Amino acid sequence: MPGDPPNTFFETYTRGLTADEFQLLFTRDAREAYRVLSRGLDAAGVDGLPWHRRWIFQLRLFFFAFTLKLSPPRRALFGIALVSAAIGGLLLFRGIALTPTRTPLMRLPLPLPAWEDGTLWLLTGFLLVNLLFVLEVLDRFTLKNDLEIAREIQTAMLPPGSLATGPLDIDGRTRPANTVGGDFYDVLSLPDGRVVIALGDVAGKGSPASLLMALLLAMLRTIVDEDTEPAALTSRLNTQIVRHAPGSRFITLFVGLYDPATDVLRYVNAGQTPPLLRRRDGRVERLETGGIALGMFEGSTYSAAETGLAAGDVLTLYSDGVTEAEDQEGTPFDEAGLERALETRAGQRAADIGAGIVSAVEAHARATKLADDLTVLVVRHAGR
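Residue numbers (the working numbering): 1026 to 1409.
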């Protein structure tokens, strides 16, 4: 802009850059890249090779170690870029020519590769861009590895996918939108034969939501040892979330207590998408009674309701990621899609119903990326 000093752009672009940090790019960052790529390499086998074969062997191993971490389409694109650069270099190569070269004593004509004008600058730019690309991707690989470990821990906190307790046939499954997510479910068998079932959804997704999900799951398992009545249990959870979670976070939760002696499910729905109870005769009921989401107000009160379960009834708890999954036209899977999936699998085992729902959602959203975590908990009364 007129009136700006001539070096404004340069100062803005180089803001925060120091010589020490630039040096670290080629020392610390390069060593970290070497450490990441050299994991699993046979160092003893490399050391036993002649120096010229050792370098070729290491370059080949590093190339595969890096490219195989890319997804197949990106790996193909990266390979095409390398081949294109090689072809371009060959086309610009003019041969070997005697090039005047200054030495400490004299100028000597030495046989060196000759290129079209500007080729060296192009190759240098290509190599620097690739170096930057490799360093950025390796940072993501390190983060992804940490997230994969976090996902394993998160998965281990959830109950096994399929289980049976009393007359109930239960199946739970979750698909986070990112590596880790904020959806969760739980099934707790009490000493007296009663069963607590729960499904919740932390606002947001990714690492922040997963941390809060772990906090709530730990609270639930602690409080349920002291009070199993759904309304009181939900109120105590709400108080703890308000006190210990960030103010901008809230959690929707459905919690139910099933008594096999009476075949009655007593439940509270705290802002969760209403579970669908499909009766054996095909009628569908929505379990909505409860209150607002957890973490919004410390004094929130919750009311419980109850319903009977009979042989052949199927209760499906699900997060909003199921009904809000969209196809490429923006059409959501919606509750109607969930009801269709339940209807086509009527009479099947809970595991088959759960797998069918997830498959139907993924088929609907095949051309798009899931925008939210997807979790389903199917509770089927299998009879006595």
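For every residue, glycine included, the Cβ atom is placed at its ideal position computed from N, Cα and C. It should be emphasised that the depicted structure is a prediction, and the values quoted were computed from it without experimental measurement.
Does the separation of the CB atoms of residue i and residue j fall below 8 Å?
i, j, result
"Leu1302", "Leu1340", "yes"
"Leu1022", "Gly1346", "Examination of residue 1022 is not possible in this model, given that the chain is present from 1026 through 1409 alone."
"Ala1256", "Thr1277", "no"
"Ala1239", "Val1280", "no"
"Leu1282", "Pro1299", "no"
"Thr1253", "Val1221", "yes"
"Asp1211", "Ile1378", "no"
"Phe1118", "Pro1138", "yes"
"Ser1232", "Gln1179", "no"
"Val1386", "Arg1198", "no"
"Pro1184", "Pro1285", "no"
"Ala1350", "Gly1408", "no"
"Arg1100", "Thr1092", "yes"
Reducing DSSP to helix, strand and coil, say where residue i ends up.
i, result
"Pro1031", "At Pro1031 the pLDDT is 49, less than 50, meaning the model places this residue with poor confidence and gives no usable figure here."
"Glu1310", "strand"
"His1269", "helix"
"Val1249", "coil"
"Glu1323", "coil"
"Arg1132", "strand"
"Thr1356", "coil"
"Arg1304", "coil"
"Phe1158", "helix"
"Glu1349", "coil"
"Gln1373", "coil"
"Arg1100", "helix"
"Asp1171", "helix"
"Gly1041", "coil"
"Gly1150", "helix"
"Leu1095", "coil"
"Pro1233", "helix"
"Thr1264", "helix"
"Leu1395", "coil"
"Gly1381", "helix"
"Gly1362", "helix"
"Ser1344", "coil"
Closer than 7 Å to a non-hydrogen atom of the ligand FAD - does that hold for the CB of residue i?
i, result
"Leu1240", "For the ligand FAD, the structure offers nothing, since it holds no ligand at all."
So residue i and residue j are supposed to be a Cβ contact under 8 Å. How far apart are they, rounded?
i, j, result
"Gln1297", "Gly1206", "The Cβ separation is near 16 Å, so there is no contact."
"Ile1266", "Leu1290", "So it is not a contact: roughly 24 Å between Cβ atoms."
"Gly1333", "Asp1288", "6 Å"
"Ala1375", "Val1401", "Wrong, their Cβ atoms sit about 10 Å apart, outside the cutoff."
"Gly1104", "Leu1148", "In fact, because the Cβ distance is near 18 Å, the residues do not count as touching under 8 Å."
"Arg1246", "Leu1213", "7 Å"
"Ile1248", "Leu1258", "6 Å"
"Gly1315", "Val1293", "4 Å"
"Gly1381", "Ala1371", "11 Å between Cβ atoms; not a contact."
"His1389", "Asp1352", "5 Å"
"Phe1158", "Lys1094", "Not quite, the Cβ-Cβ distance comes to about 13 Å (not below 8 Å), so this is no contact."
"Ala1202", "Phe1151", "Not quite, the Cβ-Cβ distance comes to about 35 Å (not below 8 Å), so this is no contact."
"Glu1251", "Val1309", "At roughly 35 Å, the Cβ-Cβ gap does not stay under 8 Å, so Glu1251 and Val1309 are not in contact."
Could you tell me which residues DSSP pairs with residue i in its beta bridges?
i, result
"Ala1295", "Leu1278, Gly1316"
"Glu1254", "In DSSP, Glu1254 forms no bridge with anything."
"Ser1187", "Asp1196"
"Ile1222", "Val1212, Gly1281"
"Glu1387", "Per DSSP, none; premise fails for Glu1387."
"Glu1331", "Arg1291"
"Arg1405", "Asp1194, Val1339"
"Thr1400", "Thr1199"
"Val1227", "Ile1276"
Query raised in the report: Between the segment 1320 to 1331 and the segment 1168 to 1177, do three or more beta carbon pairs fall short of 8 Å?
Result: no
Report task. Determine, using beta-carbon pairs with one atom in the segment 1350 to 1368 and one in the segment 1324 to 1334, whether at least three such pairs fall under 8 Å. Result -> no
Query raised in the report: So does the segment 1387 to 1395 actually touch the segment 1206 to 1217, counting three or more Cβ pairs closer than 8 Å?
Result: no
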